[in-house]
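Protein chains in written order, with our numbering: chain A, 2 to 474; chain B, 2 to 474.
There are 2 protein chains.
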Amino acid sequence: MVGSVGNGLANLADKPAPLPEELDPKKIIDSLPLEEESNGIEEKKREIVLGRNLHTTCFSIVEPEADDEQTGEREAYMASVLARYRRSLVERTKHHLGYPYNLDFDYGALSQLQHFSINNLGDPFIESNYGVHSRQFEVGVLDWFARLWELEKNEYWGYITNCGTEGNLHGILVGREVFPDGILYASKESHYSVFKAARMYRMDCVKVETLISGEIDCVDFEKKLLQNKDKPAIINVNIGTTVKGAVDDLDLVIKTLEDCGFKDRFYIHCDGALFGLMMPFVKRAPKVSFKKPIGSVSVSGHKFVGCPMPCGVQITRLEHINALSSNVEYLASRDATIMGSRNGHAPIFLWYTLNRKGYRGFQKEVQKCLRNAHYLKDRLKEAGIGAMLNELSSTVVFERPKDEEFVRRWQLACEGNIAHVVVMPNVTIEKLDSFLSELVQMRSGWYGEEKGKPPCIAKDVGTDNCLCGSHDK
Amino acid sequence: MVGSVGNGLANLADKPAPLPEELDPKKIIDSLPLEEESNGIEEKKREIVLGRNLHTTCFSIVEPEADDEQTGEREAYMASVLARYRRSLVERTKHHLGYPYNLDFDYGALSQLQHFSINNLGDPFIESNYGVHSRQFEVGVLDWFARLWELEKNEYWGYITNCGTEGNLHGILVGREVFPDGILYASKESHYSVFKAARMYRMDCVKVETLISGEIDCVDFEKKLLQNKDKPAIINVNIGTTVKGAVDDLDLVIKTLEDCGFKDRFYIHCDGALFGLMMPFVKRAPKVSFKKPIGSVSVSGHKFVGCPMPCGVQITRLEHINALSSNVEYLASRDATIMGSRNGHAPIFLWYTLNRKGYRGFQKEVQKCLRNAHYLKDRLKEAGIGAMLNELSSTVVFERPKDEEFVRRWQLACEGNIAHVVVMPNVTIEKLDSFLSELVQMRSGWYGEEKGKPPCIAKDVGTDNCLCGSHDK
C-alpha cells in the first residue's frame, strides 16, 4: 500500500514515486492515527485519511503554440473538451439523488450578467468604493430571509456567504466573540464544519449524543451543561442534520439551558443548511424565529433554492456584529464577513428565484418534496429495504447499497451502513421509480443463501425501520 | 449623529429609529473605541466603525400576485430591473480604476455551463460521490500554478478558493497547525485578512514596520524576532501589498529568520493576491519559489487573470496538509479546505484563460501593465501631482483627490492622504488619459490662494515623490 509506512508524511514527501494513471484512490487511502506515534498506544481516536494528489482525471493546461491563433487548433481543442464535459454534466445531473441540491433552475435571463466581474466587498450595508457590485440585490434577499425568521429590518445584520460552511463558521465566531470563554456544544450528528470551526477557533467543544432520529439528546445535553456550569454555552442547533435530516428541538434546547441556570449566558446558532428554508413551510414544524433567544441562522442558497454555485445566507442580530467588525479604511467599509470579497452573482440568482416563486411558491415545492419523500420511503420498505424518514424531513435514510458503482452512479451520500436520498424539487416520481427499480433488481443479486444477509441498520434507524432479517419479524 | 451615543450598541438595538431613504452612509458612521469604556481613557488604539443596515438602494423582493403568471407583469418588472442593472454595470465597469480586477474577459464559450450546479466538495484530489463537479479542471489549474512556483506534482497540495482572503486564512491556518505555539508576524501594510486570521485563530500577532516603499522593514523584523526567540515564527510575506503594491524581500526575510536562529522553526505564507501571478513574468524580480523554504502561496484568480466572480488559488506542501485534514466519511473525502463546498465554475473560467493565454500571453500582458503604469506615474508628476510607483508593481500611488464624488466615480481605493490606481490589462492608455484630464481639470478648482494647498504625502511616498509645495523644490 502506498503511503502507509511509518508516519506516512516523511515517506510521501521524500520519495515521490510515479503513480499509475488509473490508480483507484481508495487503494492508496489509508487511515493513520493523528496522535503522536511515540506514545505507543494505537488509540486511533481521531483518524485522518492520508490522500495523494492523484491526477487520474485532469484536463491539463498546455502552453499554446505560436501559430495557434492562425490554425484555430487551440480553440477547437478547448471547445471539444467543454462539449464533452457538458455531456457528462447532463448525465451526472440526471442521476443525482444523494446531495440536497436543487438542480432544477433556469437562469437564462441572467446570462447577460456573466460578463461582469461582480464583487460584493465587505459589509453589504455600507457602500464600498468598488462600483461593480450587487448589494442592492443582496440586501433584498437578506430582507426576505430576515422577514422569514422574524427579525426587524433595523435589528438584523447578515450577508450572502459562499456556502453553508461559511454560515456556520460565521455564526460560531459571533458566538465566540460574544462569549470568549464559552464552550461549544453540538450534537455528534452536526455537520463537520461545526467541529472544524471549534478547531480553527481554538474553542473547547463538547459533543452531545443523539436520539435514533438524529436529533440532539437533551438529557445528555443537560448532563454536559451541568458539568460545565461555570462557562457560557455556545450551541449549534441543527435544523436538518446532514445525514438523517433530523431537526433539533429548539424549544427544548432553550428550556434545557434555562433549567440548567444558563439564562443570558448562552448563544444559539441554528445551522439551517437545508431545512432552514423548508421548515417555515411545513405545518406543525417548530418555528425558527428570532423572537426566541437565538443569535444567528444560516441556510444554504444552492440547496433548496437552487443556484449554479454554492452560496448561503447568514442572518444575525445587529447588536452582536459589532463584536466582530473592524475598521478597514482601504475598502471604505468595515468588514464583519469572513471572506471579504464575495461572489456578486449569487445574490442575483437568489433574488431572481425568490422573486419568481415567492413564499407561496416555496410552500408548494416543500409539500411536493415531502410527498415524494414519503413515496420513496414506502416503496423501499415494501421492497424489504430498511428505511427511515423523519417527520419534518425529505431525507430518506436506507440500507447502504452494497455495490459502490451503484452508489457512485446515483451519487448517494453514505455513512457506515446507511445511505440517503434527499428529495429536492427536481426529484420527480419518475426519477424515484427508475432508481427504485434499478436498486431492487441489483439488490436481488447482492444477498441470498450463500452471499449473506443485508446489513443490520437498527442502530441507525431503529428496530422498527430495520428490515435486516433479524428485525423484520 | 445617529448611533454614536454611549457605547452605541444598546442604543442601536433598543431604539431603532426609521431612517430617511437617501441618508448618506458616511453621515451615520462613527468610530468608537473597542476597549472597555469603563477605563475612561480615550485611547482609540483599535477602532471599529459602527454601521447601520442601510436600505438606501435595495431591490426588494415582492410576493407574486396570484395572476402574475397570466399577466406577465412580474417577468416584465424583473426584466426591467435587470436591464437597468446591466446598464449601470457597463457604466461602472468603464470607470473602474482603483481595484486590481482585470475586467477584460470573454467567457461566452462557457455560458453553456451556467445551467449546472457545479460544486467541488472537499479535497480536489480525492473523488467525492457528488458527480456534478469540475475537479478535472481544478487540478489542471493547480498543476499550472505549482509549476509556476516550482513545486513537483506529487509534492504539492492545493485548491481553488473563493478569494484571496480564503488563501490567507488557509495558509496561516496551516502555519498554525505546523507550529501551534507560533507567533504570527506580518508587516503593518499586510492585507487586513491577515490580522483577521490572527484574531479568528487566537494567535499572538506581531506587526512589523514598513519602509516608505511599503516593503517589510527587516531591521524591525529582526528586533521583534529576537524579542520572541522562544517561539516559532509564522510569517506573512506580501507579494504586492494592497495599497502600494510593495513586494516584501523574501530572501531577506529568510536570511533574517536564519540569522536570528529560527532555522527549521518558521513557516512562511506568501500572500501573492495580485503580484503572485505577475512577478514570475517581471525581469529581475525576486523569485517566489518552493525551492526556497516557504510553506504556501496564494493568489487571487479574479485579479490579474480576470473572472466573473472572486476566486483564488492556494498551493502548499503536501507534507503540511495532513496537519489540517480530518476524515469526513459523509463526503467520501477528507477535507483540508476551509469552505468545504466550493464554486465549480471558477476553475473552468481559470482553466479557459490559462489555456488560451499561456505563460507567454501573461508575460505580454504583464509588460503592458508595467508600461502603462509608468506612463500614468510620469503624467501625474508632470501635472504636479505627487505619485509613486514601486519598481515591480503596476500600482500607482498618488495624492488623494479632494472630491469624494470623483473618488467614487473612478472607484479609487484610498487610505489616509493617498489613493491608488492599479493598472490591469483592461486599463488602456485611452482610459488613463481620460482619467488624467478629468483629474487635472477638477484639481485646478480644489487648490489655490484661498482654498489651501494639496496634502503633503511625503510620509507615504517619500519626499522625492511628494509635490505638495514644501517638497517639490
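Where a beta carbon is used, it is the ideal one built from N, C-alpha and C, also for glycine. Remember, predicted model here, so these are calculated numbers, not experimental data.
Using a beta-carbon distance below 8 Å, is C261/B in contact with chain A?
False, the Cβ-Cβ gap to chain A never drops below 8 Å.
Nearest chain A C-beta to C59/B closer than 8 Å, yes or no?
Cβ-Cβ to chain A under 8 Å: yes for C59/B.
Quick check: the Cα distance between S435/A and N466/A, rounded to an integer number of angstroms?
Their Cα atoms are separated by approximately 23 Å.
Which of the three DSSP states is assigned to K292/A in this structure?
In this structure, K292/A counts as coil in the three-state DSSP scheme.
Using 10 angstroms around the beta-carbon of E400/B, count the other beta-carbons present and answer buried if the total reaches 16, otherwise exposed.
Buried is the call here.
Write down the C-beta distance between A388/B and V397/B rounded to the nearest angstrom, noting that I regard them as a contact closer than 8 Å.
Yes, they are in contact, since the Cβ atoms of A388/B and V397/B sit about 6 Å apart, within 8 Å.
Name the chain B residues whose beta carbon is nearer than 7 Å to that of S342/A?
C164, G165, T166, P311, listed in chain order.
For E76/A, which residues in the same chain have their Cβ closer than 7 Å to its Cβ, ignoring the five residues on either side in sequence?
Closer than 7 Å at the Cβ level, and outside the excluded window around E76/A, lies no residue.
For A67/B, is the classification buried or exposed, using 16 other Cβ atoms within 10 angstroms of its Cβ as the cut-off for buried?
Exposed is the call here.
Given this structure, state the Cα-to-Cα distance separating H116/A from S290/B, to the nearest angstrom.
Rounded to the nearest angstrom, the two C-alpha atoms are 33 Å apart.
Does DSSP classify I236/A as helix, strand or coil?
Three-state result, I236/A: strand.
Near P456/B, which residues of its chain fall below 8 Å by C-beta distance, leaving aside the five closest residues on each side in sequence?
Closer than 8 Å at the Cβ level, and outside the excluded window around P456/B, lie E400, R401, N418, C469.
Given a threshold of 16 other Cβ atoms within 10 Å of its Cβ, counted over all protein chains shown, does Y102/B qualify as buried or as exposed?
Buried.
Quick one: any contact between the segment 138 to 145 of chain B and the segment 348 to 356 of chain B, if contact means 3 or more CB pairs under 8 Å?
Short answer: they touch.
I'd like to check one pair, Y100/B with A414/B: are the Cβ atoms closer than 8 Å?
Contact: yes.
Taking C-beta to C-beta, are R343/A and I161/A nearer than 8 Å?
Yes, the Cβ-Cβ distance between R343/A and I161/A is below 8 Å.
State the Cα-Cα distance for the pair I173/B and L325/B, rounded to the nearest angstrom.
Near 11 Å, if we compare the C-alpha coordinates of L325/B and I173/B.
Taking DSSP's pairing of strands, which residues face W158/A in a bridge?
Beta-bridge pairing links W158/A to T317/A.
Is the separation between the beta-carbon of M279/A and that of V367/A shorter than 8 Å?
Cβ atoms of M279/A and V367/A: closer than 8 Å.
Between V63/A and chain B, is any beta-carbon pair separated by less than 8 Å?
So yes, V63/A belongs to the interface.
Should F276/B and V248/B be called a contact, given that it needs their Cβ atoms to be closer than 8 Å?
In this structure, V248/B lies closer than 8 Å to F276/B by Cβ.
Where does R47/B fall in DSSP's three states?
Low local confidence applies: a pLDDT of 29 at R47/B is under 50, so the model's placement there is unreliable, with the coordinate-based value given in what follows. Here R47/B sits in coil by DSSP.
Could you say which of F263/A, I119/A, E431/A, G109/A lies nearest to Y376/A if we only look at CA atoms?
When each option's Cα is compared against that of Y376/A, the closest is E431/A.
Using DSSP's beta-bridge definition, name the partner residues of M389/A.
Beta-bridge pairing links M389/A to V398/A.
Check whether chain A comes within 8 Å of I119/B, counting only Cβ atoms and requiring the distance to be less than that.
I119/B counts as touching chain A.
Note down, in chain order, all residues in the segment 265 to 283 of chain B with a beta-carbon under 9 Å from any beta-carbon belonging to chain A.
Within the segment 265 to 283 of chain B, no residue has a Cβ that lies closer than 9 Å to any Cβ of chain A.
Within a Cβ cutoff of 7 Å, which residues of the same chain sit near L355/B, ignoring the five residues on either side of it in sequence?
V142, W145, listed in sequence order.
Based on the DSSP output, what are the partners of I419/A in its beta bridges?
Answer by DSSP bridge pairing, in chain order: E400/A, E416/A.
Restricting to Cα atoms, I'd like to know which of W150/A, C219/A, G123/A is closest to K197/B.
Closest by alpha carbon: G123/A.
Checking contacts by CB at 8 Å: is T1/B closer than that to chain A?
A query on residue 1/B cannot be resolved here, the shown segment of chain B reaching from 2 to 474 and no further.
So is K454/B buried or exposed if we call it buried at 16+ other beta carbons inside 10 Å?
Exposed: under 16 other Cβ atoms inside 10 Å.
Identify the residues that DSSP records as bridge partners of L98/A: which are they?
In DSSP, L98/A forms no bridge with anything.
In the DSSP assignment, what are the bridge partners of D272/B?
D272/B is bridged to N239/B, S299/B.
Measure from the alpha carbon of A187/B to the alpha carbon of each residue in V175/B, T166/B, T211/B, M201/B, then state which is nearest.
Taking only the C-alpha atoms, the option nearest A187/B is T211/B.
Going by C-alpha distance, which of E405/A, D107/A, I322/A is nearest W447/A?
Looking at the Cα atoms, E405/A is the closest of the given residues.
Anything in the segment 383 to 417 of chain B with a Cβ closer than 8 Å to a Cβ of chain A? List those residues in chain order, please.
Taking 8 Å as the Cβ-Cβ cut-off against chain A, the residues of the segment 383 to 417 of chain B that qualify are V408, R409, Q412, L413, A414, C415, E416, G417.
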